[in-house]
Amino acid sequence: MGIVWLFGCGHPLGAGELVDSGDSGAPELYADCQAENLGDREAFFDVASVREVRIALSEAALEELQDDPKTYVEGDVTLDGTTLLHVAVRLKGNSSFQDFDGKPAFKLKLNEYCPGQKYAGQKRVTLNNMTTDASQSQEVVNYQLWAAAGLFGPRASYAQVFVNEELFGLYANVESTDSEWVEERYADATGQLWEASDTAEFDAAGLAGWELKAGVDDRAPLAAVAAALDAEGDVYGNLDAVLDMDQFLSYWAWKSVIGDDDGYPWNPNDVFLYGDPELGGRFQFSPWGFDEGWKDYVTWDNAPGRLATACLAEAACSARIRDRVEEAVGAFEAVDTAGFATAAWALSAPLLDGDPRRPFTVAEVEAARVELAAAIAGRAARMRGRL
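Sequential numbering of the sequence shown, starting at 1, is according to this note's numbering.
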């Protein structure tokens, strides 16, 4: 599809007055940055409404993204009518990646050229293209369910995205897991925040697969988890000294309920760890990439990650996770997940009709939503059959 090349959009890109950053290795800064934190975080992730995101990129920036899509370029961004100048923009995605010939996903870094610039308390905005989710709704639905379970995780809403005034369609607006996310959820935000790559694990080979996102760069706490797994004796007790095992069991149980194996302790990715100083630095888990759930074959007892296999191999720990799954299934039955889905579908249906870049036909989306409704309705019975 063609893209409108932008030569001017209210603010001439790159025309702001430059300010010396004081660091020869730092990006150039501008004097016309947005100093006030505008926007409301709750409203920005309101599942009952659709955000509007307008990205303005110069011809040179677009060409650079086509050549090197994972490198940030400078643009302007308007979020629900509030314009932020000098925002860093890049494409994102691995298996979901698409370029400008399809439906690209975007990462926006609001403070790259304007330190302290935020919107709704955020310095980053994540716009997922939903190319792996035919229902075009799982992230919005699944993160609501996760919150209803009382677990920390991102929030997600819908957004309609434009690039240089061209409609790119409906996206999932997913809350970025970063230092701002930590500050909103934890009393002490000085701990380590780690993100798993595809090679992350709690063993000698997998420790390098964890990427530090915030906090002190020290892999000793990760190595301590690996050492606890290698130790003799009480698996639960050994691990609980270095990570919050009670929270991990809940995380594992609810990932099982949602039927999502795209993330730890199934696939070694799509998870964040936060070492909470108030827990002595012990890690808690938060999901990412919640767009591939409700799979029949995913259950609590078929997770291959080291933490899961060690727990399942010990009778006492295995009994704990079995009990936690049973509790989670009971709690799931009390949550109106079908209502979350129905509301998301009603909100998004009119916008999908006009989405010029949607990766699925309307008929495919409707069929996927019928399948998802059936999966949600049958999930509790499916899980009880594995207990």
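Glycine residues also receive a C-beta, built at the ideal position from the N, C-alpha and C atoms.
Task: N- and C-terminal bounds of the alpha helix (DSSP H) containing V325 - done: 315 to 333
Task: Cβ contact check for the stretch 120 to 131 and the stretch 257 to 273: 3 or more pairs under 8 angstroms - done: no
Task: For D270 and G289, believed in contact at Cβ under 8 angstroms, the rounded distance - done: 4 angstroms
Task: Separation of L167 from G102, as counted between CA atoms - done: 12 angstroms
TODO: Leaving out five residues on either side along the sequence, give the residues of the same chain with a beta carbon under 7 angstroms from the beta carbon of A367.
DONE: none
- [ ] Could you have a look at I376 and say whether DSSP puts it in helix, strand or coil?
- [x] helix
- [ ] Quick one: residues in its chain with C-beta nearer than 6 angstroms to the C-beta of F152, no 5 flanking neighbours on either side, listed in chain order?
- [x] R185, S286
Open item on the list: Do E64 and T71 have their beta-carbon atoms positioned less than 8 angstroms apart in this structure?
Closed with: yes
TODO: Just list the beta strand (DSSP E) runs in the stretch 42 to 95, keeping only unbroken ones of 3 residues or longer that don't cross its boundaries, in chain order.
DONE: 50 to 56, 73 to 79, 82 to 92
Open item on the list: Extract the residue ranges of the alpha helix (DSSP H) inside the stretch 194 to 256, only unbroken runs of 4 or more that lie entirely within it.
Closed with: 220 to 230, 235 to 240
TODO: Give the DSSP bridge partners of E166, in chain order.
DONE: V163
Open item on the list: E175 and G121 - do their beta-carbons sit closer together than 8 angstroms?
Closed with: no
Task: Of the listed residues S157, N302, G39, nearest to A48 (C-alpha basis) - done: S157
Open item on the list: Assuming contact is defined by CB atoms lying nearer than 8 angstroms, are A189 and V182 in contact in what I supplied?
Closed with: yes
TODO: Please name the residue, chosen from A159, W210, R282, G275, that lies closest to N238 on a Cα-to-Cα basis.
DONE: R282
Task: Per DSSP, cross-strand counterpart(s) of T126 - done: K107, V174
Open item on the list: Ignoring anything shorter than 3 residues, give me the beta strand (DSSP E) runs that lie fully in the stretch 255 to 308, in order along the chain.
Closed with: 271 to 276, 282 to 287
Task: Inter-residue spacing [alpha-carbon to alpha-carbon] between A315 and V365 - done: 43 angstroms
TODO: Using a Cβ-Cβ cut-off of 8 angstroms, state whether D133 counts as contacting chain B.
DONE: This model lacks chain B altogether, as it is built from one protein chain only.
TODO: Per DSSP, which residues does S157 bridge with? Please list them.
DONE: N173
Open item on the list: Helix, strand or coil, according to DSSP, for A187 in the structure here?
Closed with: coil
Open item on the list: Beta-carbon within less than 8 angstroms of N37's beta-carbon, same chain only, minus the 5 sequence neighbours each way: which residues are those?
Closed with: K118, Y119, A120, G121
Open item on the list: E52 and D80 - do their beta-carbons sit closer together than 8 angstroms?
Closed with: yes
Task: DSSP state of L312 mapped onto helix, strand, coil - done: helix
TODO: Let me know the secondary structure DSSP gives L151 once reduced to three states.
DONE: coil
Task: Straight-line Cα distance separating I258 from R382 - done: 11 angstroms
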